[in-house]
Each structure stands twice: as C-alpha cells, then as structure tokens.
Amino acid sequence: MAHAEREERPERPAESDGTAHLFRALGRQIKVLRERAGLSQRELGLATHCGEDLVSAVERGVRTPQPDFLERVDQVLDAGGVLTAAADEVREALARSRTRHPDWFRDYARAEAEAVALHDYSNQAVPGLLQTEEYARALFTQRRPLLDEETIERRVADRLDRQQIFERWPSPTMTYVLEEVVLQRPIGGPASHTRQLQRLLHVGRMRTVTLQVMPTQREEHPSLDATFILLTPKGRQQVAYTEAYGHARLITDPEEVRVFSERYGIIRSQALTPRESLTLVEKMLGEV
Numbered sequence: 001m002a003h004a005e006r007e008e009r010p011e012r013p014a015e016s017d018g019t020a021h022l023f024r025a026l027g028r029q030i031k032v033l034r035e036r037a038g039l040s041q042r043e044l045g046l047a048t049h050c051g052e053d054l055v056s057a058v059e060r061g062v063r064t065p066q067p068d069f070l071e072r073v074d075q076v077l078d079a080g081g082v083l084t085a086a087a088d089e090v091r092e093a094l095a096r097s098r099t100r101h102p103d104w105f106r107d108y109a110r111a112e113a114e115a116v117a118l119h120d121y122s123n124q125a126v127p128g129l130l131q132t133e134e135y136a137r138a139l140f141t142q143r144r145p146l147l148d149e150e151t152i153e154r155r156v157a158d159r160l161d162r163q164q165i166f167e168r169w170p171s172p173t174m175t176y177v178l179e180e181v182v183l184q185r186p187i188g189g190p191a192s193h194t195r196q197l198q199r200l201l202h203v204g205r206m207r208t209v210t211l212q213v214m215p216t217q218r219e220e221h222p223s224l225d226a227t228f229i230l231l232t233p234k235g236r237q238q239v240a241y242t243e244a245y246g247h248a249r250l251i252t253d254p255e256e257v258r259v260f261s262e263r264y265g266i267i268r269s270q271a272l273t274p275r276e277s278l279t280l281v282e283k284m285l286g287e288v
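Positions 1 to 288 (the numbering used here) are the ones given, in order, by the sequence shown.
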C-alpha cells in the first residue's frame, strides 16, 4: 500500500522484547490442547467462564491471555501445568503494557486501566471497548489518510487487548450511552453489523454494564458538539477524556470535569432505559 500512512508510535512491549512470540505460542498451544480434548472454542469458553470470542482471539495471538485464564484453561484441558508455567512471564508483560499506546493516548490508557468507573457517550461509532474485531478492523481500514496493513493489525490488537477490562474483578462500574444512529450504521457490511449488534446485546446484559440508547427523535440534547468519556481512576478524582480528529485531551480540572458530568447525567435521563435500549437492539437484529 504505497500511499498508506504509517503511524508514529512507540513499539508495544511485545514487539520490542519478543513477548509477542510468547503470546502466539501460548495461543497455538491452547488450540492444540483444546482440539486434543475434543472441545470447541465455545465449549472451552463455557468451561473457563469466558466468551468464545476471547478464546478465538487468544488462540490467534491477538489477545493477551490473562494469567488466571491460563490457569483455568490448564486445568480444564489437563495440560499438566504447561500453561500455568507461563503465567509469571505474562504478568511481567502486562505490567509493561501501558507503553504500547501512542504518546497522545497513553495518559488515557493508563487512567482506563486503573478505572473503578467508566462512563462513555458516543455519537459517531461504537466505543472501542464494545467493538468486535471485525468492526474495529473495518474502521481502521476505512480511515483516511490510509493506514498500512501492519498499523491496522496493531491497532486492532491493541483495541481488543483493552477489552480485558470486562474480565477484571472487581469490575469497574461501566455505563454507555450510544446515539441511535450509531446502531444503524452498518460498518463493515451486513454480516459485520449483525455481529456488532450481537456484541452490544452480550455486553449490555452483563450485570456490571449499563447500556442505553439516545433516540434520534429526541427534540432536546445537551451535548451535540462532542463525544466524551468520564473516568474515575482508583484512588483519584474523576477525569474527562475527549478526542476529535486525532487531537486527544485528558481533562483533570474539576470545574471542566463537572460540566461533562452534568451533561452525562442529562443525556442518561433523556435516553431510553437500559431495558428499552436492549429491546431496541433486539428489534434491529430482527430486521438486519
């Protein structure tokens, strides 16, 4: 791709110290052990209390296997400690993982990793933490100026890796408000759209997540100018994060954060209830 843009960003630890090979090797080992045990990815996911998508992503090397996941899989697949033995190396890689993000995103990534609460308002696309791999790849592929293939795959892997926040316990409190048009936009085509709606249903049904939809027909709206995220890092005050055209801003000023918090409260009050929102997604799934 001769005219593709290469992203200027620091290497992920996995790229600079070779741990990417560790993760790919672990993924292949898990796949071999799973197939030897006669289990499908879905069955292994059920047995280890995680999703089929996670098992698939780990086996393909695009998700970092968490140490507790390795320990559960080792037991279920009767691996004799082969997978558990790699847990310490994985913990070390995860401890350094914050440096994988671009400079402009690193402060937010650090705050997100430590968050005890996360509240997201989105009006253009499904939030990164809720995206399927297919949806994320379509977004990065369609971006202008064009990104090269290596950068696309790296960005997709980074985005999927951040989704491990859903596997943390205790889990952070997470709420999302999405504009209805976000659910209507078929990024990646009909099949991708269907799987993304299914992903929203799955996450929206988690008891640690509240998902709401802001109907397009609402006559009033307190925040048409930008999307934003409110984060509460552990032991620290709430911050706000905004991003537009690659220009990111992590806001720590209490008065500015208060304004975003006030807006978010009004948005949630005007949106559909969580139950109504999931019903709407279910209805859209029946129409695609």
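Every residue gets a Cβ at the ideal spot worked out from N, C-alpha and C, and that includes glycine. Note that the structure is predicted; figures quoted are calculated from it, not measured.
- The alpha-carbon of H221 is positioned some 33 angstroms away from that of L146.
- If you draw a straight line from the Cα of E52 to the Cα of V213, it is about 26 angstroms long.
- For the pair R275 and L285, the Cα-to-Cα distance works out to about 15 angstroms.
- Per DSSP, Y241 is one residue of the beta strand (DSSP E) stretching across 239-244.
- Per DSSP, reduced to three states, the secondary structure at P65 is coil, with no helix or strand assignment.
- Residue burial annotation: A244 is exposed, with fewer than 16 other C-beta atoms found within 10 angstroms of its C-beta.
- Shown here, E220 sits in coil according to DSSP, grouped into three states, outside any helix or strand.
- The beta carbon of P127 sits closer than 7 angstroms to those of D120, Y176, all from its chain and outside the five residues before and after it, given in chain order.
- Comparing C-alpha distances from R236 to each of A138, R154, E112, E180 shows the shortest one belongs to E112.
- With contacts defined as CB atoms closer than 8 angstroms, T227 and Q124 qualify as a contacting pair.
- With contact defined as three or more Cβ pairs closer than 8 angstroms, the region 238-258 and the region 192-205 are not in contact.
- Comparing alpha carbon positions, the residue from E59, P215, I165 closest to S40 is E59.
- Here V257 really is in contact with I251; their C-beta atoms are around 6 angstroms apart, less than 8 angstroms.
- Going by C-alpha positions, I30 is about 27 angstroms away from E149.
- Looking at the backbone, the Cα of A85 and that of L26 are separated by about 11 angstroms.
- The straight-line gap separating the alpha-carbon atoms of T232 and E180 is approximately 26 angstroms.
- Assignment of Q212 by DSSP, reduced to helix, strand and coil, places it in the strand class.
- Between R91 and G80, the alpha-carbon positions lie close to 20 angstroms from each other.
- When secondary structure is reduced to three states using DSSP, E179 falls in the strand class.
- In the structure shown, the three-state DSSP call for V126 is coil.
- Check the Cα spacing between L230 and each of L197, Q270, Y264, H49: the tightest is with Y264.
- Counting only the Cα atoms, A115 lies some 27 angstroms from V73.
- Counting along the chain, the unbroken beta strand (DSSP E) around R249 starts and ends at 247-251.
- Out of V55, E89, L44, the CA that lies nearest to the CA of H21 is found in E89.
- Closest in C-alpha terms to Q198, from the list K283, T48, P254, comes K283.
- Spanning the alpha carbons of P170 and G38 requires a straight line of approximately 33 angstroms.
- In this chain, the alpha helix (DSSP H) harbouring T141 covers 133-142.
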